[in-house]
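*Asks:* Residue numbers (our numbering): 5 to 245. Ideal Cβ placement from N, Cα and C applies to all residues, glycine included. Since we're looking at a predicted model, the values are computed, not measured.
(1) Could you check whether the region 117-132 touches the region 78-85, counting it as contact only if at least three pairs of C-beta atoms, one from each stretch, sit closer than 8 angstroms?
(2) State the CB to CB distance for the pair residue 93 and residue 115, rounded to an integer number of angstroms; the pair is presumed to be in contact (CB under 8 angstroms).
(3) Output yes if chain D places a C-beta closer than 8 angstroms to the C-beta of residue 189; else output no.
(4) Contact between the region 191-211 and the region 166-175 is defined here as three or more beta-carbon pairs at a separation below 8 angstroms; is this criterion met?
(5) Tell me, which residues are paired with residue 193 by DSSP?
(6) CB residue 117 to CB residue 58, shorter than 8 angstroms?
(7) Starting from residue 176, follow its DSSP beta bridges and name the residues at the other end.
(8) What are the start and end residues of the alpha helix (DSSP H) that includes residue 273?
(9) One question on the structure: do residue 97 and residue 149 come within less than 8 angstroms of each other, judged by their Cβ atoms?
(10) When the Cα of residue 137 is compared with those of 218, 151 and 113, which residue comes out closest?
(11) Taking the alpha-carbon positions, what's the residue 106 to residue 37 distance?
(12) Going by the beta-carbon positions, is the gap between residue 85 and residue 135 smaller than 8 angstroms?
(13) With residue 195 and residue 142 assumed to form a contact (beta carbons below 8 angstroms), what rounded beta-carbon distance in angstroms separates them?
(14) Kindly indicate which residue of 32, 111, 43 and 218 has the alpha-carbon position closest to the one of residue 159.
(15) Under the rule that 16 or more other beta-carbon atoms within 10 Å means buried, what is residue 220, buried or exposed?
(16) Jot down the residue ranges of each uninterrupted alpha helix (DSSP H) in the region 33-120, minimum 4 residues, whole runs only, in chain order.
(17) Counting along the chain, where does the alpha helix (DSSP H) carrying residue 144 start and finish?
(18) Of the residues 215, 199, 200 and 42, which one's Cα is nearest the Cα of residue 164?
(19) Thinking C-alpha only, which one of 101, 157, 56 and 146 is nearest residue 123?
(20) Would you call residue 43 buried or exposed, if buried means 16 or more other Cβ atoms sit within 10 Å of its Cβ?
(21) Quick check: what's the CA-CA separation for residue 30 versus residue 192?
(22) In angstroms, rounded to a whole number, what distance separates the CA positions of residue 147 and residue 177?
What follows is the structure in structure tokens.
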């Protein structure tokens, strides 16, 4: 089988095998992505350490007395737990999605860790529960990356996933509860675990719109430019929900 010609814009590839050079370039790009992701995760961890320390020092600063420093207790465990979750997802993503965007995981983990700290400040009784949800979400994300790196199941069954999210949201009208027993009853709970169906529904809506518009991009340009009412109905229905 004749070898493929080397483009003129890559003169360094001639005479030494362009396939091996492409593998080297791809490997260098993967290393750069991993390095950037680790750096951003480190910055996110530093930010969480700073806000945790600030929250711990705030009572003493308000009272102008070191005697009013609260005990750290189990809330300090949120930092190493967050670090373990970030390390696990980084390792799994490096194998499953080597050419990923290095911003996605650090931003997601930063928001997750920040959310844990905010919950611990506003409702300390729910801090450990929020930490358990972080662990559960990390395990679920790692399993999803291992089983379906391309998220093909979300794309193939986008209508089914979105319908399931809407049904969970509908269940709150009949089985809704509140973790503290008050109102509004926007949560579903079982065995001490509570979650708001609106949270996963937001992710499902993003997945639906991305997969739907991605399929439209595969159509010829003439069909893509003219969105018919039939093509717009699913988008309008999803946005209205």
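*Replies:* Taking the geometry as given:
(1) By the Cβ criterion, the region 117-132 is in contact with the region 78-85, since at least three pairs of Cβ atoms, one from each stretch, lie closer than 8 angstroms.
(2) About 13 angstroms; that fails the 8 angstroms criterion.
(3) The question asks about chain D, but that chain is absent: this structure has only one protein chain.
(4) yes
(5) As a beta-bridge residue in DSSP terms, residue 193 pairs with 198.
(6) Against a cut-off of 8 angstroms, the Cβ pair of residue 58 and residue 117 comes out as no contact.
(7) The partner list for residue 176 (beta bridge, DSSP) is empty, contrary to what the question assumes.
(8) The structure shown has nothing for residue 273, since the chain only spans 5 to 245.
(9) With contacts defined as CB atoms closer than 8 angstroms, residue 97 and residue 149 qualify as a contacting pair.
(10) 113
(11) The C-alpha of residue 106 lies about 6 angstroms from the C-alpha of residue 37.
(12) yes
(13) About 20 angstroms separates the two Cβ atoms, so there is no contact after all.
(14) 218
(15) exposed
(16) DSSP runs (the alpha helix (DSSP H)) wholly in the region 33-120: 82-100.
(17) That run of the alpha helix (DSSP H) goes 131-151.
(18) Comparing Cα positions, the closest option is 215.
(19) 56
(20) exposed
(21) Taking the straight line from one Cα to the other gives about 45 angstroms.
(22) Roughly 31 angstroms separates the two Cα atoms.
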